[in-house]
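Protein chains in written order, with the numbering used here: chain D, 1 to 524; chain L, 1 to 100; chain C, 1 to 633; chain A, 1 to 454; chain G, 1 to 159. Beta carbons: idealized from backbone N, C-alpha and C, even for Gly. What follows is one structure encoded as structure tokens, with my remarks underneath.
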Amino acid sequence: MSEFTMGPMLLNLVLWLPIVGVALVLLLARANDGLARTIAAAVMTVQFALATVLYLQFDATAAGLQFATQLPWIAQWGVSYLIGLDGFNILLVVLTAFLGPIVVLGAWTSIKKDVPLFHVMVLVLQFAMMGAFVAQDLFLFYLFWEAMLIPMFLIIGMWGGARRVYATLKFVLYTAFGSILMLAAVIYLVQSMQQSSGVMSFAFADLYQTQLPLSVQTILLGAFALSFAIKVPMVPLHTWLPDAHVEAPTAGSVILAGVLLKMGTYGFMKLGFPLFPDAARAFTPLLMTLAVISIVYGACLALVQTDIKKIIAYSSISHLGYVMLGLLSLELVGIQGAIIQMVSHGIVAAGLFLLVGMIYDRCHSRELAEYGGLARLLPVYSVFFMIFTLASVGLPTTSGFTGEFLALMGAFTAAWPAHLDGNNLPLVLASVAVTGVVLGAMYMLRFALTFLFGAVKAPHHSPDHPLLDLSLREKSILGLLTIAVFALGLFPDGALQKTELAAKSYQSLVTTSRTPAGSAGVTP
Amino acid sequence: MDKVHLLLVLSGALFALGLLGVIVRRNALVMLMCMELMLNGVNLSLVTFSQQRGDAAGAILVLLVFVVATAEIALAIPIVLLLVRFKRSMDIDRYADLKG
Amino acid sequence: MPHTLALIALLPLVGFLFNGFFATALGRHRANERAAGIIGSAFPIAAFALTIKAFLDLQAGGFAPIVEPLYRWALIGTSSFEIAFYFDRLSAIMTLVVTGVGSVIHIYSTGYMHGDKSFGRFFAYLNLFLFFMLLLVLGRSMLVLFVGWEGVGLASYLLIGFWFDDLTNAKAGRKAFITNRIGDAGFLLGMFLLYRAFGTLDMDTINSAFLSGTGAALLVPASLVGLLLFVGATGKSAQIPLYVWLPDAMAGPTPVSALIHAATMVTAGVYLTARMSGIYMMAPEASQVIAIVGVLTAFFAATVALVQTDIKKVLAYSTVSQLGFMFLALGVGAYGVAIFHVVTHAFFKACLFLGAGSVIHALGGEQDIRKMGGLRSKIPLTFWTFAIATAAIAGIPGLAGFFSKDEILWYAFASAKGGAPWLWGMAALTALMTAFYMFRLLWLTFMGASRMSHEVEHHVHESPISMTGVLMLLALLSAGGGYIAIPHFLEAQIPLPPIVESLEHYEHTLLYVSIVLAFAGLGLAVFMFGGPASRPEGIKQAMLPIHRLLSGKYFVDELYERVIVKPLAWFSEVVLLRGSDKMLLDGSLNGLASLAQRTAGLLGRAQTGSLHLYALLVMVGIVGALLWSWRHV
Amino acid sequence: MAMLPEHLLLGGMVVLIVMEVLGRGSRSALWVALGAVVASAAAAFWLSNAQYAASPFAGQFSVTPAILMAKGALLALAVPVLLMSRTEFSDGEFSILLLSSLYGLCLLPSSDSFLVMFLGLELLAMPVYALVLLAFRRPQSAESAFKYLVLSGAASATFLMGVSLLYGATGSMNVDAFGAALASGDLMTRAAVVLVLLALFLKAAVVPFHAWAPDTYEGASIPVTAYMATLTKGAVLLAAVRLFNGANATGPLVDLLLVLPLVSIVWGNLAAIKQQSFRRMIAYSSIAHAGYLFYGFLGDAQGRLQAVLFYVIAYSVVNLLAFAVMPQNDNDEQRDSLDALKGLYHRNPFAAAMIAIAMLSLAGLPPFPGFAAKFLIFKNVVAAGYTTYAVLGLVGSYLGIYFYLRVIQLLFMTAGEAAPTEQRAGGLARTAGVLCLVGTLVLAVLPGWVLGRM
Amino acid sequence: MGAIALVSAVLMLVMREPMRVALALITTMVMLGGIYGLLGVHFIAAFQVLIYVGAVMVFMVYVIMLLEVREAPGNARYSRWLVPGVTAFAALVGVLGISVYRSSAEVLTAPGASAFSLTQFSAAFLSEYWLEFELTSVFLVAAIVAALAVIKVSRRAHG
């Protein structure tokens, strides 16, 4: 029965390893760039390996938390150190762990100053992200949620581009605004639960039991949703993202797009909607509209960007719209699609940002117009570029397809009965969302066209000093991501099975009304 | 209009006058004196109540106020001296280097 | 062999991976070119061989469909998405065509692409295309079909832009992909509706459900589904309004045009419609639309083809036109006939394209027919094969095209499932134009006097055996392909529509009419282009506005540019980016930020350093607080 | 016994005065003071742990375990202040004055009568006037001290006026009269209550009574500013807790406690944005924090001491942390300027990191202790039903994030040269910094444990 | 007597010369002492005169004479906050007055207890308020140290 004792330890280890890494870097490598890199890479790799073990041992047929640890922490407030894996977070945990070593390796040569601090920040960020995913206690979750801000603030602000300070402040201030209101909602939620049930607890499982009148649910959901929607980001709360992406160093963009944005959708899935199901259902039309607007809006803007990072940034907005759409469909297939789309976007956007970073390291320009014909110049690079472009477009056999396909299918599956009942909005929205598929192809292929094809041109390239194609390190990073892209595109079943129970429980949580009987609703 | 009310209003007026003095007078020493006036106003009401109640507590507080007021002046005067040393002026409006 | 079907599809994939990884990596060494060519061709040929085996298996099983599950892609709730292959009469025909024509075109390409610096890459893409095309035709589930559907789009994109150093080629590829995507969006919607109704995407299940009219089928209207799927088909099969990509797709190497943009990929829409005939049989409105779109496409594309001067463009519009014929057949319920035309078209159009390729090859890249002429004697093999194929497409009796086209015309006229005389009229007129522009092409290219420059003329040479051999094979099939009675072969699976009884006796009359039309086209072309050059010029001058309209392709590209592309860019750039993102959203945020800054400045100025003020604040505060406290009295 | 902590402080004072009179090395003065403070804090903790409760002077002075804990905590916070004073204050006076101020501090939460509380307030503040001047490094220090003195004097007078009216209305000098009078509808009683509260607002620098704080903080030296911003403020808040003593905020006070703290939060956080002086910025920050602290009085009386004390500790520890590691510079104006922080990370990563942690905690961002403290306060506010104001307060706290981040931006993201006279913080100050860091970490990691002892 | 106290207090604010202000303050204080005497709290009256007038004000007057700083002519007596200040002042007096007059506290109208004697006061001070006595001494010690420290600083600043 060693597994039962080992399990929780393993998850704790996965969570805390980055902190060990931080300690190691601070102790051993304060002035040793190479060692700092090595430590970070090693820690991340071990973490990924352990996360893989978790994934393999995760029992898809068991409901409830697995590998859970619960320790009383702030007993006075009913806060406990409660972490665990369930279908909601298992894939995201693996994704986070997977991107960890990739981020470190990707930044291997491009980060040249303050290297140890950089890796400390990346490790801290990794810890916070992992924590936010595995936390099963609202207080703990909020802690991790906010803790992500600081390292990201520094990563963008210290190693970013020319307007990095503006961008990073915008990022933090934007995000913090949402968080502040969420904090108010958290306090109110827990407080009202205590008043109604006498129990002071932050555990998700307990909070899922709370009964709140619709009006209260609405306000609380509004606060949560604001915070999550900023993180996702959903139009019109997105303007921080392009700036943050553009100014962030490659590693920052990778983390941002790869994991951080998923926090928003994860938050909706794990907290926002299940905590306030009645409000969630009441506001589905609005949120769904916003999701679809995000899809189209992001795509349209990606279409006219001249900065290559901005294209991907806006594409992220578009892609995460599908996630929201899937989640809001409340259809199993849509929810599952949303989860896959989260992971897929994590991988694909990470790949694209890495690719952009690699070319930026060589040419120091992000202007699309300054490039051309890279396919002739850097064939291997171009192959990878094409793969990730197509995955972003959602071409079948890539992960992007799995996510988009299932999410859209969910939206449609939900919309059709509504249409038969005379409510055409979901159907219209789902149909409009499908146009995102076209727009997606338009902006990504515009990117690829200018970038890869035509006459060869690139800053800092001359026939005497041609640009070098990808190094072995770069190839392996992208190779790993490519494998993930196709694995999730061709064989999503394994992953889907792990999340199926969670998707079902999400579905039943959100579709079950939880307003107190006989209450007309009192505004707080 | 009896005695107590009058005394209390007088006390309040002295207190307010003291504060007004701090607001309107520019001479640092005058300001200090106005502070004393405020305390005197307070003392009056304390004594009045103490007497009215036949209770020593108020009077004792008055005594403490004496002590404190004295100590404050003793501390304030050197500070004013120091101020004057730098600007050769008692005008408090000239001491507004710290602002913003 | 348990996984024959999977193997058929996967063999080209292996070829792709091999060529992709090794041939590209090893560079453009001559020996490698050889290896790449052999590998690239071997896998399709092997696939073809396996297909024949599979066909024999099918036959041995009395043509009962073979279902071959590979693995489960996803299980969500109770609905399972299986990756499974399905082999019946329809897929058998398609697979044979794809692997067969595909193989020969691979062989042809070894000659055609000889010396190209990206030889290996070319074969990799070609193999990739075959893989996806085979998924498309072999898939049991619409999901697999869709994978192939989009996959062939990808391969087409890559191959059109194969010579990407010239940006116009790459742009043509992009155009193809995006136009196809528009269709795919419709396809997706249709698929979603079907999933909603049945919880599965297996096409056999869906078809039979529709045919039997079970409960689930009533949930979604067949017409809507049919139309949505047809939107997909218009994209892939270049029908109005989404045909615009196909002419541009000629930017790709000619074997690509032959294989993808003539013989196989563009017929995927036809295949899809035939495959989902269960739906369309229940959806007369949708079928009506298909027939009309088909015939209109056929007609308009043919008119454009009349005046094109690029050898490949003529063939491209001809392809669009022929695809229109196929959809006409589908629209009137003659699914088997459409497939029949797919097959014959594959033969003669592949032959034509490859012949054109041979011409271009011989002329060192020249594609303008005004600068050709008199090639008959210089490259006779090419000429003869080209001529046979031209005759076939023109509907000269006895050749392949004659049979299939005639059946289409007949069903357009007489089918009880939507046939109408006016459909026949349009189609017959189109047939006339087809004969005319094809013979025009033949005459301008091969007959008459040479209009080539001396230098070009000097270098003209017949193509190597790898190319001419293939041409001869395809010419043979173009000639004899009509004798394969595909509609009847398929009838067991997809019945042909009944004929309106009152019209039955017109059959022979119409047959003669179409024979007459074919020869009329031939005659007209010979009359116009066999004589002095002033003759066509005169007609051109007489009908200048029409000529301009036709040679401008009805200015549809320009229209789309003005109505869709430009407004979209304007909307994105001006309204969304500048108006909404920068001005409204960022503007209000920056406004708030500067408001905070200004307030901060104000508060800083309030802190004047004056002790008087501070004391005043205290006093005001006290007064205010005391007054406020009375509020509760 | 009950006054053991006070006695120990007094003992320390006496020893120091004797040493001073004898002219025996001011070097050791610091250690004596340190010994006294540590002993005093230890005594308070020990008594608290022993659940000691007594009122040796009936109606004047009493201790309970909770109050002893509060005293111990604040006294412990004085340790870093003493440690960081070394570089600026070589004389023994600093230690004596600090000990006497601490003595006053200790009186406040224990006072049962207004007389003791008044003496406590004066004893707390009076030495600070001198302290502000003591490290006389620039002429403005005198201005600074004078402003503090005058407004603090006005606060004392206001306090007394209120006490006097309350005394008149109730006939009692007992502090509990305040709590009892809260609900009274009598105008004079009400005026009394309001005046007393406003006096505390003035001492704690709540808008509109805040104006002295920025000027005073800027003109004072770092250890004294640190002391004022943290311990003095904390002591005033503890006095307020003592005053309210178990009474829920009712009547007119609710409005005052809702509005003025909120205005403080917003005002402080906004005004801090454009500051160029670090101490002035911290002053505005402390104005905002006074707002949060007084929000704590809206909540249920039960958890008030805990909430306020926890907040004071969390807030003070990080403030002291920032001050302790601040680089040394003989030019006080340069030292105080935010420009001095530019690029500090590259010169002194430890200091930069510590200041950054402090700023983040002050901003209330998790996982730093400032967050848990704020959480507790706002939780109580929400529990008391003032949800709207809790939200407004939180939004107000959001406004503050910017200027704290700006400091981090200067530290890490802005290039800057060291001023020629800049040095690392002294060894003892760094020790103080480490102590504060330890405190910060304990508060961050084990808030439950800390709360459990309160 | 109260009126005189008030008038001289007002004079304090009106007088230009600090010396006259001081004299006005002394008048106020003496008058207050008189009031205390009339109220029967004689020892407080005595303290008032002794400590305030005798010690504080003498000190103050001494300093005024010592400094003898001539303000520049034309230098306004008042800060620019005169009008708002007076307004606020009037409001404050009004508010306090209304608070007192409208109060229902019986202490305001009660006949008043018999004044307590110095003996009673001393007894209370040394028994019930023993702690305050002690604390006052601590306070005074601290005050002395503080004053000395400030003087030391001034000397240092001077030298």
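Spatial distance of residue i from residue j (CA atoms)
i: L/M38; j: A/T216; result: 22 Å
i: C/F446; j: C/R376; result: 5 Å
i: D/V25; j: D/H460; result: 35 Å
i: D/N89; j: D/A62; result: 14 Å
i: A/I287; j: A/T232; result: 13 Å
i: A/L344; j: A/G416; result: 7 Å
i: C/N127; j: C/F55; result: 22 Å
i: D/E404; j: C/E150; result: 14 Å
Three-state secondary structure (DSSP) of residue i
i: A/L16; result: helix
i: A/R137; result: coil
i: D/F204; result: helix
i: D/F4; result: Any reading at D/F4 needs caution, since the residue's pLDDT is 49, under 50, leaving its predicted position unreliable; the model's value is listed next. Residue state, collapsed to three classes: helix.
i: A/D332; result: helix
i: C/Q607; result: coil
i: D/T69; result: strand
i: C/I379; result: coil
i: D/G372; result: strand
i: C/I66; result: strand
i: C/N590; result: helix
i: A/Q423; result: strand
Cβ separation of residue i and residue j, assumed to be a contact under 8 Å, to the nearest whole Å
i: D/P76; j: A/G452; result: With the sequence shown as reference, residue 76 of chain D is identified as Gln, and Pro is not the correct amino acid for it. At roughly 7 Å, the Cβ-Cβ gap stays under 8 Å, so D/Q76 and A/G452 are in contact.
i: A/N269; j: A/G370; result: In fact, because the Cβ distance is near 13 Å, the residues do not count as touching under 8 Å.
Test item: CB-CB of residue i and residue j under 7 Å
i: A/L123; j: G/F139; result: yes
i: C/G278; j: C/A233; result: no
i: C/A329; j: C/I408; result: yes
i: A/G153; j: L/M90; result: no
i: D/V165; j: A/M413; result: yes
Within-7 Å CB hit, residue i to chain F
i: C/L130; result: No chain F appears in this structure, whose protein chains are D, L, C, A and G.
Proximity test, residue i beta-carbon vs the ligand PLP heavy atom, cut-off 6 Å
i: C/T234; result: In terms of ligand content, the structure shown is empty, and the ligand PLP therefore cannot be addressed.
Whole beta strand (DSSP E) elements within the stretch 125-158 of chain C, 3-residue minimum = none
request  = At 4 residues or longer, and completely inside the stretch 240-309 of chain A: list those alpha helix (DSSP H) runs for me, N to C.
outcome  = 252-271, 278-295
request  = Please go through the stretch 61-89 of chain A and give each complete beta strand (DSSP E) segment of 3 or more residues, from N-terminal end onward.
outcome  = 61-63
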